[in-house]
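Novice:
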Amino acid sequence: MNINHPLIDDQHTNQGTANIQPGVLYVVATPIGNLQDISQRMCQILAGVSQIAAEDTRRTRQLLSHIGVNTPCFSLHEHNERQKIELIVQLLEKGESVALVSDAGTPLISDPGYPLVKALRDRQLVVSPIPGPCAFIAALSVAGLPTDRFIFEGFLPAKKGARLARLKHYADETATLVFYESSHRITESLQDMLVAFEESRQVVIARELTKTFETVLSGSVQSLIDILAQDNNQTKGEFVVMVHGASKANAEISPEAKTLALKLAEHLPIKQAAKITAEVYSDKKNVIYQFLLDNQK
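Quick note: UniProt numbering has the sequence shown finishing at residue 297, numbered continuously throughout.
(1) Going by CA-CA distance only, name the one from Tyr170, Leu125, Arg59, Gly132 that's closest to Gln36.
(2) Using a Cβ cut-off of 8 angstroms (strictly closer), state whether Asp192 contacts chain D.
(3) State the Cα-Cα distance for the pair Ser183 and Arg207, rounded to the nearest angstrom.
(4) In chain order, what residues of the same chain lie with their CB nearer than 7 angstroms to the CB of Ala273, ignoring the 5 residues before and after it?
(5) In chain order, what residues of the same chain have a beta carbon less than 8 angstroms from the beta carbon of Arg82, not counting five sequence neighbours either side?
(6) Roughly how many angstroms separate the alpha carbons of Leu7 and Ala119, rounded to a whole number?
(7) Looking only at its own chain, which residues have a Cβ that is under 7 angstroms from the Cβ of Ser110, when we skip the five neighbours before and after it?
(8) If you follow the beta strand (DSSP E) that Phe179 is part of, which residue opens it and which one closes it?
(9) What did DSSP end up calling Ala139 once you bin it into helix, strand or coil?
(10) From the DSSP output, which residues share a beta bridge with Thr60?
(11) Please report the residue range of the beta strand (DSSP E) in which Pro255 lies.
(12) Does Phe197 come out as helix, strand or coil in the three-state DSSP assignment?
As structure tokens, this is what we get:
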């Protein structure tokens with residue numbers, strides 16, 4: 001099959017050098033911590049574009065200094081992004097090329113860039129990805145949780161009520177759940193997960209990925225809360241929090257049936273508790289039975 005694309009040519013595919021095209025916005029992934037993850041193509045693009053739109057120009061200039069590049073930068077962050085769209089459109093329409101970078105990782109993934117990319121695509125301007133590190137993908141790759149289906153939610157709400165409501169919304173979701181969290185809210189978020197999810201749910205927290213103090217911890221929510229309480233160092237840094245999806249049995253049972261089944265199981269054999277609950281709520285006995293097995297203490 002022949003593929004004709006303005007960004008693919010012999011210089012791209014055979015010689016390993018970046019052919020900077022005029023009028024293109026390059027969305028460039030940068031390292032999330034370890035500078036050895038810098039790619040050759042990232043360096044070539046950042047050196048070759050006319051200007052760089054950076055979430056924090058100070059951090060980007062540090063990266064550019066490290067790779068020996070002095071391309072001009074201007075800021076593009078969540079507070080000024082919409083105001084900068086027309087500037088970037090004008091640059092591209094004049095034939096200049098622009099790179100978009102965030103502080104770390106892949107732009108747009110819980111970082112600025114979506115309004116810009118949408119506006120450019122709506123105007124039929126070319127946007128090209130320069131792939132590289134992404135914290136939640138890196139975390140999923142080592143978590144040991146199912147990855148055939150997952151939901152990335154980004155950062156949870158800062159306020160407890162909204163955060164707990166968001167978590168409860170996903171209580172019966174069978175896909176793996178993925179969140180970002182900050183050091184000053186990681187303990188509170190885990191405590192809310194203890195309320196929102198059944199006690200047997202497996203959780204994995206990945207901290208400071210690719211950096212010196214990289215840590216990946218897994219266990220029940222309560223066990224992770226205990227670990228963080230015992231070692232304050234484990235609350236420092238940037239976190240990806242991943243939660244095993246609910247069992248299918250858990251997803252098929254109404255909240256009321258779950259409450260009754262769990263209460264009955266405190267006083268009756270599981271099989272009998274499942275039978276009574278199924279009779280009350282007209283649910284399948286085997287599904288309730290499996291739910292109770294999954295939630296045994």
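We treat Cβ as the ideally placed atom computed from N, Cα and C, and that holds for glycine.
Specialist: If we stick to the structure as given:
(1) Gly132
(2) Among the chains in the structure shown there is no chain D, since it carries only a single protein chain.
(3) 9 angstroms
(4) Ala261, Leu264, Ala265, Leu292
(5) Pro115
(6) Confidence at Leu7 is low in this model, with a pLDDT of 46, below 50, so the placement of that residue should be treated as unreliable; the coordinate-derived value is given next. Cα to Cα, the separation comes out at about 20 angstroms.
(7) Gly154, Phe155, Tyr180
(8) 176–181
(9) helix
(10) Partner(s): none; Thr60 has no beta bridge.
(11) Counting along the chain, Pro255 falls outside any beta strand (DSSP E), though it belongs to the alpha helix (DSSP H) covering 255–265.
(12) coil
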